[in-house]
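Student: Residue numbers (the working numbering): 1 to 111. Just so you know, even glycine gets a beta-carbon here, dropped at the ideal spot from N, CA and C. After the structure tokens below, expect a handful of questions from me.
Quick look at the structure:
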């Protein structure tokens, strides 16, 4: 299962203590800041690292990553499902690709 592949099966039961539901699995792997492999936790780390690298300068990759990060921080799982899980994940993947491309431009002189 998805939880086992992310080594999150025990974490799920520790946090939710009931039967597995799709919305709670999605919440755990997308929005839970305490879950090390969640999208939210990964973006917490990414934005912290960019702040350390960039200091007071703010390259475009930091702005794009910050926008995605704030979306993960302030969104609730009900909003994800209301707008469509597939649509949310597609948008996230596209945004993540933008961050990667901009990182290359900002730090590796790729144009």
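(1) Leaving out five residues before and five after residue 40 in sequence, what residues of the same chain have Cβ atoms less than 6 Å from its Cβ?
(2) How far does the alpha helix (DSSP H) with residue 57 in it extend, from its first residue to its last?
(3) When we look at the beta-carbon of residue 76 and count the other beta-carbons within 10 Å, is it buried (16 or more) or exposed?
(4) Skipping 5 residues on each side, what residues in its chain have a beta carbon closer than 8 Å to that of residue 99?
(5) Assuming residue 10 is part of the alpha helix (DSSP H), what are its boundary residues?
(6) Please work out which residues of its chain come closer than 8 Å, Cβ to Cβ, to residue 95, disregarding the five sequence neighbours upstream and downstream, and give them in chain order.
(7) Give the range of the alpha helix (DSSP H) segment to which residue 31 is assigned.
Tutor: The relevant details are as follows:
(1) Residue numbering aside, residue 40 sits at position 40 when the chain shown is read from its first letter. Cβ neighbours of residue 40 beyond the five flanking positions: 31, 33 and 72.
(2) Here residue 57 is taken as the residue at index 57 of the chain shown, counted from 1. Run containing residue 57: none; DSSP gives neither H nor E here.
(3) In the chain shown, the residue the question calls residue 76 occupies position 76. Per the 10 Å Cβ criterion, exposed.
(4) Counted from its first residue, the chain shown places residue 99 at position 99. For residue 99, where only same-chain residues beyond five positions count, the Cβ hits under 8 Å are 46, 61, 64, 65 and 68.
(5) In the chain shown, the residue the question calls residue 10 occupies position 10. Where residue 10 is concerned, the enclosing alpha helix (DSSP H) stretches over 9-16.
(6) Taking the chain shown and counting its residues from 1, one reaches residue 95 at position 95. Same-chain partners within the cutoff: 64, 67 and 68.
(7) What you label residue 31 is simply residue 31 of the chain shown in a count that begins at 1. From DSSP, residue 31 is part of no alpha helix (DSSP H); its letter is neither H nor E.
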